[in-house]
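Take a look at the structure set out below.
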Amino acid sequence: MRSPLRLAEPPVPPDFTGTRLTACTLCEAICGLELTLTDGRVTSIRGNPDDPLSRGYICPKGVALADVYDDPDRLRHPMVRRGGAWEETGWDEALDLVADRLADTVNRHGPDAVGVYLGNPNAHALGSATHALPFVRSLRTRNRFSATTVDQAPHQLVSWQLFGHQLLIPIPDLDRTSYLLVLGANPMASNGSLMTTPDFPRRARAIKERGGSIVVLDPRRTETAKVATEHHFVRPGSDVVVLLAMVRTLLTEGLARPPSYVDGVERLRELVEPFTPRMAQDVSGLDAEVIERLTRELAAADGGAAYGRVGVSTTAFGSLCHWAIGCLNLLAGHFDEPGGVLFPEPAVDVVARRFVGAGHYDRHRSRVRGLPEYGGELPAAAMREEIETPGTGQIKAFVSLAGNPVLSTPNGRALGDALDSLDFMVAVDIYLNETTRHADVILPPTTTLERDHYDLVFHTLAVRNTARFSPAVFARPEGARHDWEIFRDLTSRLERRLARKGRIKARLVRRARLSLSPTAQLALLLRTGRRVSLRQLRRHPEGIDLGPLRPTMPDRLQTPNHRIDLVPHLLTGDLARLHEWLAERPQDALVLIGRRHKQDNNSWSHNTTRLTRGKPRHHLLMHPRDLAAREIRDGALVTVGSRVGSVQVEVASSEDVMPGVVSLPHGYGHQVDGTRLRHATKVAGASINDLTDPLLLDLSGNAALSGVAVTVSAVTG
Ligand SMILES: Nc1nc2c(c(=O)[nH]1)N[C@H]1C(S)=C(S)[C@@H](COP(=O)(O)OP(=O)(O)OC[C@H]3O[C@@H](n4cnc5c(=O)[nH]c(N)nc54)[C@H](O)[C@@H]3O)O[C@H]1N2
Ligand SMILES: Nc1nc2c(c(=O)[nH]1)N[C@H]1C(S)=C(S)[C@@H](COP(=O)(O)OP(=O)(O)OC[C@H]3O[C@@H](n4cnc5c(=O)[nH]c(N)nc54)[C@H](O)[C@@H]3O)O[C@H]1N2
Ligand code: SF4
Ligand SMILES: [Mo]
Numbered sequence: 018m019r020s021p022l023r024l025a026e027p028p029v030p031p032d033f034t035g036t037r038l039t040a041c042t043l044c045e046a047i048c049g050l051e052l053t054l055t056d057g058r059v060t061s062i063r064g065n066p067d068d069p070l071s072r073g074y075i076c077p078k079g080v081a082l083a084d085v086y087d088d089p090d091r092l093r094h095p096m097v098r099r100g101g102a103w104e105e106t107g108w109d110e111a112l113d114l115v116a117d118r119l120a121d122t123v124n125r126h127g128p129d130a131v132g133v134y135l136g137n138p139n140a141h142a143l144g145s146a147t148h149a150l151p152f153v154r155s156l157r158t159r160n161r162f163s164a165t166t167v168d169q170a171p172h173q174l175v176s177w178q179l180f181g182h183q184l185l186i187p188i189p190d191l192d193r194t195s196y197l198l199v200l201g202a203n204p205m206a207s208n209g210s211l212m213t214t215p216d217f218p219r220r221a222r223a224i225k226e227r228g229g230s231i232v233v234l235d236p237r238r239t240e241t242a243k244v245a246t247e248h249h250f251v252r253p254g255s256d257v258v259v260l261l262a263m264v265r266t267l268l269t270e271g272l273a274r275p276p277s278y279v280d281g282v283e284r285l286r287e288l289v290e291p292f293t294p295r296m297a298q299d300v301s302g303l304d305a306e307v308i309e310r311l312t313r314e315l316a317a318a319d320g321g322a323a324y325g326r327v328g329v330s331t332t333a334f335g336s337l338c339h340w341a342i343g344c345l346n347l348l349a350g351h352f353d354e355p356g357g358v359l360f361p362e363p364a365v366d367v368v369a370r371r372f373v374g375a376g377h378y379d380r381h382r383s384r385v386r387g388l389p390e391y392g393g394e395l396p397a398a399a400m401r402e403e404i405e406t407p408g409t410g411q412i413k414a415f416v417s418l419a420g421n422p423v424l425s426t427p428n429g430r431a432l433g434d435a436l437d438s439l440d441f442m443v444a445v446d447i448y449l450n451e452t453t454r455h456a457d458v459i460l461p462p463t464t465t466l467e468r469d470h471y472d473l474v475f476h477t478l479a480v481r482n483t484a485r486f487s488p489a490v491f492a493r494p495e496g497a498r499h500d501w502e503i504f505r506d507l508t509s510r511l512e513r514r515l516a517r518k519g520r521i522k523a524r525l526v527r528r529a530r531l532s533l534s535p536t537a538q539l540a541l542l543l544r545t546g547r548r549v550s551l552r553q554l555r556r557h558p559e560g561i562d563l564g565p566l567r568p569t570m571p572d573r574l575q576t577p578n579h580r581i582d583l584v585p586h587l588l589t590g591d592l593a594r595l596h597e598w599l600a601e602r603p604q605d606a607l608v609l610i611g612r613r614h615k616q617d618n619n620s621w622s623h624n625t626t627r628l629t630r631g632k633p634r635h636h637l638l639m640h641p642r643d644l645a646a647r648e649i650r651d652g653a654l655v656t657v658g659s660r661v662g663s664v665q666v667e668v669a670s671s672e673d674v675m676p677g678v679v680s681l682p683h684g685y686g687h688q689v690d691g692t693r694l695r696h697a698t699k700v701a702g703a704s705i706n707d708l709t710d711p712l713l714l715d716l717s718g719n720a721a722l723s724g725v726a727v728t729v730s731a732v733t734g
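Anchor point for the sequence shown: position 505 equals 522 in our numbering, and the numbering is continuous, going up by one each time.
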């Protein structure tokens with residue numbers, strides 16, 4: 018269906034030669050790109066210097082964007098598994114089959130018998146933002162999971178608790194700050210996360226050129242640590258104590274300057290009293306004097322920001338870490354100030370528009386372990402048991418939307434086995450990979466270069482306010498479907514088959530919304546936002562600058578009393594668990610942390626030659642002292658074991674990891690059997706998530722992927 022509001026510039030003709038502007042959707046940096054096409058094929062990709070946010074930056078993954086489009090292994094037709102063999106089939110047949118099987122499951126076992134997992138690329142597609150959630154909601158299942166609980170659930174829970182909405186996330190004002198304290202993030206490789214920062218390298222250089230500091234706390238001397246002005250090792254999982262000791266230092270040294278709309282400072286003072294810098298030193302290995310000095314420097318800086326990401330989110334106290342980071346920023350005097358942390362003002366304000374709800378906790382619990390939901394989702398770490406444990410509410414059918422949880426969630430291999438025990442599984446995905454090979458049907462949508470794009474998510478998290486619309490470069494091939502069309506057609510087919518009464522109005526509203534294309538919905542959203550129109554954006558495909566971040570508080574607070582409570586019960590209640598952990602924690606365990614590389618993109622970038630050549634990157638990094646203690650030689654094949662399982666992988670000696678810590682990248686360990694990843698067979702390595710433990714969780718339900726106790730021994734014979 019073509020909506021009257023859809024005015025997209027025509028995609029390129031088949032033999033087009035020339036240039037086109039687009040955007041990279043692979044990571045959160047959302048770089049603007051200029052493609053050169055020769056006879057209808059992309060022959061080069063470069064960063065677009067006119068993009069007001071990315072200013073010409075591009076990384077090696079962006080250069081490989083067209084490889085995904087051209088990849089002969091990418092699925093282009095619906096696939097149905099009959100017996101052991103995959104067959105291509107037509108869309109109507111595939112969609113009818115999926116709707117029949119899902120409806121049958123719901124009618125026989127109730128809505129909770131359908132489990133849903135949403136993976137990371139959903140956040141990077143306009144059609145998912147507008148159409149996937151209504152589809153998922155129409156299933157009315159409580160068994161909803163996503164990559165959020167192996168990633169940023171703690172950020173969202175803390176933002177909801179402090180600022181009243183889970184997407185009201187304070188962002189470091191990178192272009193003006195003079196003091197950036199980084200914990201558990203490696204933006205030199207990741208290009209920033211919950212801090213959309215294309216060209217982090219140049220922006221980091223600029224901080225140093227204006228006399229500022231970048232201080233990194235990380236158990237590995239990362240690429241970011243190497244360009245920082247200062248780096249310190251911290252024991253994995255111990256940041257929470259360091260951060261609370263920093264908050265304590267601000268308060269005891271009279272450095273705290275909370276804004277007038279903040280409550281609870283005195284209670285906070287009592288709560289952080291036990292976390293002395295000395296105690297933090299014992300737990301983390303970071304000197305007490307350093308903890309105190311860094312706190313004073315942050316408070317004294319002319320604009321300073323504390324920033325923590327995956328390395329602190331994915332620990333057992335991820336929420337307390339982000340609470341403490343929030344308190345640090347609120348007390349150090351730079352909150353909502355230029356150079357500190359600020360809240361972006363995107364052209365489509367997803368917070369004000371309530372695109373997703375403000376947040377909620379423990380409205381229901383998971384059936385088997387009784388784990389509380391957060392924001393309507395249960396921990397991804399609970400998927401396997403919900404599939405395998407018999408009883409009312411057991412997951413019998415599964416829907417995987419752009420996810421690869423077999424490689425990306427704890428004990429993923431066992432989850433893969435569980436997927437085989439389902440009555441039915443459907444994947445909306447572009448590859449036949451470790452997860453989708455367990456499906457009965459795969460529905461492949463078009464990819465980035467074939468669809469219109471506007472970033473509803475990452476403009477909300479960016480270090481500068483900009484807006485950019487990128488019309489599809491290529492026409493959708495005959496017979497291909499966009500993601501939003503798949504969600505629209507599945508929803509309507511399902512509704513026809515479900516024996517449901519009532520809620521006619523809700524159904525009609527949903528149908529009306531689903532029938533509007535993402536671009537048409539965007540036009541309406543922009544119109545109500547009144548900052549820029551789609552028409553203006555079409556005239557400027559390079560993007561429109563809306564200026565630097567600005568103070569917006571307390572007006573934008575979404576809390577009921579328009580104030581910030583520093584000590585919400587939900588968060589402070591978790592301190593009891595922290596005290597228990599501190600009393601019991603094992604002192605001498607070898608622990609495992611993750612790793613990202615500039616050339617890898619989670620689990621699915623290994624089917625391109627461009628991103629897999631060069632030196633292998635899959636090794637377990639281990640300190641020479643730890644190798645010597647076990648008489649393991651550099652390069653040897655080792656067995657890494659945890660409570661959950663074991664893997665074999667080559668070890669590389671590295672002074673860059675803290676003694677007592679080993680590091681493996683995630684997204685490796687391809688199980689190419691039964692997949693169509695011909696090229697990924699050449700990528701060695703093991704999956705870190707065959708070692709991570711689904712029992713280790715944060716308050717938010719986020720998996721504690723970092724700091725897992727492991728043993729390492731040489732493979733003999
Ligand atoms: N140990 C450990 N585990 C981790 C992490 C870690 O640091 N350490 N990081 C975690 C984080 S931050 C994240 S976000 C998760 C990611 O976890 P997931 O989202 O589960 O995994 P991805 O590797 O991103 O897989 C994306 C899937 O989407 C498919 N895909 C790609 N593009 C499209 C598209 O346009 N449409 C559709 N329908 N499908 C598409 C790919 O083929 C692939 O199957 O992994 C987490 N897992
Ligand atoms: N090249 C590339 N870029 C990406 C991605 C990718 O796969 N590849 N994925 C994208 C996604 S989905 C995300 S969420 C972002 C993530 O963005 P980042 O969070 O910046 O990425 P990571 O490299 O996972 O950084 C985590 C850091 O935490 C450290 N760490 C581990 N445990 C601890 C700990 O207990 N304490 C401290 N202080 N540090 C710890 C690790 O050594 C690592 O340096 O990156 C995005 N960008
Ligand atoms: S940093 Fe690389 S992967 Fe991320 S958006 Fe930019 S070009 Fe794409
Ligand atoms: Mo992520």
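All residues carry an ideal CB built from backbone N, CA and C; glycine is no exception.
In this chain, Tyr685 is not harboured by any beta strand (DSSP E), its DSSP state being neither H nor E. Sequence-distant Cβ neighbours of Arg252 in its own chain, meaning closer than 6 angstroms and more than five residues away, are Ser301, Gly302. For Pro189, the closest of Ala479, Trp501, Gly702 by C-alpha to C-alpha distance is Ala479. About 4 angstroms separates the Cβ atoms of Ile308 and Pro294, confirming a contact at the 8 angstroms cut-off.
Within a 10 Å sphere around the beta-carbon of Pro31 sit fewer than 16 other beta-carbons, which makes this residue exposed. In this structure, the CA atom of Thr426 is about 26 angstroms from the CA atom of Ala341. The alpha-carbon of Asp506 is positioned some 44 angstroms away from that of Ser659. Selection Arg468, Thr34, Lys413, Leu38 evaluated against His557 yields Leu38 as nearest (Cα-Cα). The alpha-carbon separation between Ala489 and Arg555 amounts to approximately 12 angstroms. Judged by beta-carbon spacing, Leu460 lies beyond the 8 angstroms limit of Phe491, meaning their Cβ atoms are not closer than that value. For Asp84, the CB contacts under 7 angstroms within the same chain, skipping 5 residues up- and downstream, are Thr625, Arg627 in chain order. No Cβ-Cβ contact shorter than 8 angstroms links His248 with Val259. Look at the segment 24 to 64 and you find these whole runs of beta strand (DSSP E), each 3 residues long or longer: 35 to 40, 49 to 55, 58 to 64.
Assignment of beta-bridge partners to Gln665 by DSSP yields Thr656.
With respect to the C-alpha of Arg567, the residue from Ala170, Gly57, Leu359, Ala242 having the closest C-alpha is Leu359. Arg222 and Arg528 have their C-alpha atoms some 50 angstroms from each other. Going by DSSP, Ser438 is part of no beta strand (DSSP E) at all; its letter is neither H nor E. At a threshold of 7 angstroms, Val327 counts as near ligand 2, since its beta carbon sits closer than that to one of the ligand's heavy atoms. Leu637 sits close to Val668, with the two beta carbons spaced by under 8 angstroms. Note on the segment 487 to 526: whole alpha helix (DSSP H) runs with a minimum of 4 residues are 500 to 514, in chain order.
Taking Gly357 as reference, the option from Glu283, Ile224, Val327 with the minimal CA-CA separation is Ile224. Comparing alpha carbon positions, the residue from His455, Gly201, Ile447 closest to Pro462 is Ile447.
Looking only at Leu135, Gly73, Val59, Gly136, the smallest Cα-Cα distance to Arg219 is reached by Gly73. Cβ atoms of Gly560 and Pro69 come within 8 angstroms of each other, at about 5 angstroms. Checking the DSSP bridge columns, you'll see Trp103 partnered with Arg98.
The closest CA to that of Leu418, considering only Glu287, Arg520, Thr409, Ala444, is found on Ala444. The way I'd put it, the segment 396 to 414 does touch the segment 153 to 171; three or more beta-carbon pairs between them come closer than 8 angstroms. Runs of the alpha helix (DSSP H) lying entirely within the segment 277 to 360, each at least 4 residues long, are 282 to 289, 294 to 301, 305 to 317, 327 to 330, 335 to 348 in chain order. Here the distance from the Cβ of Ala164 to the nearest heavy atom of ligand 4 is below 7 angstroms. Bounds of the beta strand (DSSP E) holding Arg481 are 481 to 484. Exclusion of the five residues before and after Thr464 leaves Val85, Tyr86, Arg91, Ile447 as the residues of its chain whose Cβ lies within less than 8 angstroms of its Cβ. Relative to ligand 2, Gly611 has its C-beta within less than 7 angstroms of a heavy atom. Listed by position along the chain, the residues with Cβ atoms less than 5 angstroms from a non-hydrogen atom of ligand 3 are Cys41, Leu43, Cys44, Ala46, Cys48, Ile75, Cys76, Lys78, Gly79, Asn208. When DSSP states are grouped into helix, strand and coil, Glu247 belongs to the strand group. With distances taken between CA atoms, Asp353 lies nearest to Pro565 out of His339, Leu592, Val700, Pro565. C-alpha of Leu191 to C-alpha of Leu197: approximately 8 angstroms in a straight line.
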